[in-house]
Amino acid sequence: MARSAVLCGLGAWVPPHVVTNDDLAALLDTSDEWIRTRTGIRQRHVIGDGLSTVDLAVEAGARALKSAGLSEADYLVLATTTPDRLCPPTGPEVATRLGMTGVPAFDVAAGCSGFLYGLQTGRALIAGEIADTVLVIGAESLTTLVDPDDRGTRPLFGDGAGAVVLRMGADDELGAVLGVNLHSDGSLSELITVAGGGARARAAGDTAPAHITMHGRATFAHAVKHMEEVTRQTLAQVGWDITEVDHVVGHQANARILHALAKRLGLAEEQAVVHIEEVGNTASASIPLALHHGVVTGRIKPGDRLVMPAFGAGATWGAAAMTWPQLEI
Ligand code: COA
4 MARSAVLCGL
14 GAWVPPHVVT
24 NDDLAALLDT
34 SDEWIRTRTG
44 IRQRHVIGDG
54 LSTVDLAVEA
64 GARALKSAGL
74 SEADYLVLAT
84 TTPDRLCPPT
94 GPEVATRLGM
104 TGVPAFDVAA
114 GCSGFLYGLQ
124 TGRALIAGEI
134 ADTVLVIGAE
144 SLTTLVDPDD
154 RGTRPLFGDG
164 AGAVVLRMGA
174 DDELGAVLGV
184 NLHSDGSLSE
194 LITVAGGGAR
204 ARAAGDTAPA
214 HITMHGRATF
224 AHAVKHMEEV
234 TRQTLAQVGW
244 DITEVDHVVG
254 HQANARILHA
264 LAKRLGLAEE
274 QAVVHIEEVG
284 NTASASIPLA
294 LHHGVVTGRI
304 KPGDRLVMPA
314 FGAGATWGAA
324 AMTWPQLEI
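First residue of the sequence shown: 4, per the working numbering; consecutive thereafter.
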């Protein structure tokens with residue numbers, strides 16, 4: 004019988020420092036009203052006090068391991084677009100800080116779809132009999148990449164981390180990740196970029212700082228279209244009708260994207276789990292943070308059927324379908 008990946012642990016952590024829309028409105032030509040109505044964001048958590056991506060990942064990873072009742076996993080996959088340094092990868096440092104020295108640990112960079120790419124990697128490691136347990140962490144410090152003077156991007160992003168533990172199991176167990184579909188299209192690479200600091204900029208002698216630029220309207224349109232398509236593809240793969248889905252736990256880039264997606268799928272707006280209000284866009288961390296929010300607020304319950312779509316820089320996109328397990332978190 005095929006070995007399935009079953010989610011058996013969940014953890015989340017955001018740095019304590021909060022920046023509200025009003026805080027930003029005191030610094031930039033923007034307002035709480037514009038940010039809330041255009042994006043759904045009310046505040047974001049921001050690293051400071053010497054914290055960085057490794058610290059966020061360790062906090063979320065430790066909580067996920069505890070939730071799973073494990074002291075370590077066979078593999079660690081860290082999904083991040085904001086590694087602490089270009090070299091070394093951040094995953095090994097996270098593993099060692101979690102007491103997992105010696106365990107294979109690596110970074111996966113897939114923009115805002117990073118968590119789904121990490122999940123599929125963990126699932127494949129389990130299905131391929133390479134690992135029995137995998138810790139998948141999504142951790143980001145995106146506020147370090149925004150131009151502090153750019154009102155178009157600074158309000159959107161936040162810092163945080165979420166993590167899950169996958170274990171070997173069977174498709175009929177609650178928590179089974181039943182289907183994942185991933186895609187990419189490099190012809191859309193200019194939608195969201197951080198050029199500064201990369202090899203292309205260095206080769207050209209360009210010393211501009213590393214700042215996010217995003218073509219917001221075009222990204223919005225591609226996000227809704229591709230997230231709808233990949234959600235339908237994933238539901239067909241696992242044999243679920245849309246009416247059997249309880250929650251859409253999508254990448255949190257904009258509340259309007261999540262509501263538009265629910266509508267296009269024929270679901271009620273309330274079936275979209277929206278957590279962006281409190282944390283902003285946290286890229287690879289956003290789906291596990293939204294899962295955690297859904298569980299602690301009592302919305303996501305054991306036995307619920309979830310679909311989790313994302314779209315991000317690359318362009319990359321994908322979706323996962325799973326049933327929700329009984330967890331200690
Ligand atoms: N405060 C006030 N005004 C702002 C603003 C801010 N923070 N940011 C932009 N504006 C202005 C713009 O300058 C523009 O003004 P103009 O019409 O005078 O030129 C106007 O608001 C509309 O800008 P636009 O960028 O078209 O707004 P939008 O409705 O598309 O919303 C985003 C912008 C970024 C919130 C939205 O496009 C979005 O969410 N895009 C998708 C993001 C995404 O999916 N990312 C995925 C992976 S990261």
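Note that beta-carbon positions come from the ideal geometry of N, C-alpha and C, so glycine has one too.
Residue environment, residue i, which counts as buried when at least 16 other CB atoms sit within 10 Å
i    : result
E348 : Look at the range of the chain in this structure, 4 to 332, and you will see that residue 348 is not part of it.
A221 : exposed
A226 : buried
G102 : exposed
Q329 : exposed
L294 : buried
D87  : buried
P158 : buried
A29  : exposed
L264 : buried
Closest residue to residue i among the options (Cα-Cα distance)
i    : options                : result
R41  : G283, T56, A67, V248   : G283
A127 : G182, W327, L177       : G182
L27  : A108, D150, M311, V233 : D150
T147 : L264, G301, G53        : G53
T237 : H48, R205, V310        : V310
G165 : L159, G172, W327, L122 : L122
H214 : R259, G161, D153       : D153
L177 : R308, A29, A263        : R308
G321 : M230, G199, G14        : M230
G12  : A324, T234, A63        : A63
I50  : P19, L30, G14          : P19
A239 : G208, Q274, G199, N184 : N184
V299 : A313, T326, I332       : I332
T319 : V17, H254, R259        : H254
Rounded distance between the beta-carbons of residue j and residue i, thought under 8 Å
i    : j    : result
L81  : V106 : About 12 Å; that fails the 8 Å criterion.
P161 : T33  : Reading off the sequence shown, one finds Gly at residue 161, where the question assumed Pro. So it is not a contact: roughly 16 Å between Cβ atoms.
is_contact[residue i, chain D] using C-beta, thresh 8 Å
i    : result
M230 : Going by chain labels, chain D is absent from the structure shown, which holds only one protein chain.
Should the segment 281-297 be regarded as contacting the segment 265-272, the criterion being three or more beta carbon pairs within less than 8 Å? Not touching, per the Cβ criterion.
At least 3 beta-carbon pairs within less than 8 Å: the segment 6-15 vs the segment 128-147: Yes, since at least three Cβ pairs between the segment 6-15 and the segment 128-147 fall closer than 8 Å, the two stretches touch.
I'd like to know if the segment 106-117 and the segment 54-69 are in contact, where contact means that at least 3 CB-CB pairs between them fall below 8 Å. Using a C-beta cut-off of 8 Å, the segment 106-117 makes no contact with the segment 54-69, since fewer than three inter-stretch Cβ pairs fall below that distance.
Does the structure place the segment 238-249 close enough to the segment 207-223 that three or more beta carbon pairs sit under 8 Å? Remark: fewer than three beta-carbon pairs, one from each stretch, lie closer than 8 Å, so the segment 207-223 and the segment 238-249 are not flagged as touching.
Which residue spans inside the segment 261-285 form an unbroken alpha helix (DSSP H) run of at least 4? Within the segment 261-285, the complete alpha helix (DSSP H) runs of at least 4 residues fall at 279-282.
Does the segment 168-176 come within contact of the segment 191-210, defined as at least 3 CB pairs closer than 8 Å? Segment contact: the segment 168-176 against the segment 191-210, fewer than three CB-CB distances shorter than 8 Å; contact not assigned.
Could you give the uninterrupted runs of the alpha helix (DSSP H) lying entirely in the segment 89-148, keeping only those of 4 residues or more? The qualifying runs are 94-100, 117-130.
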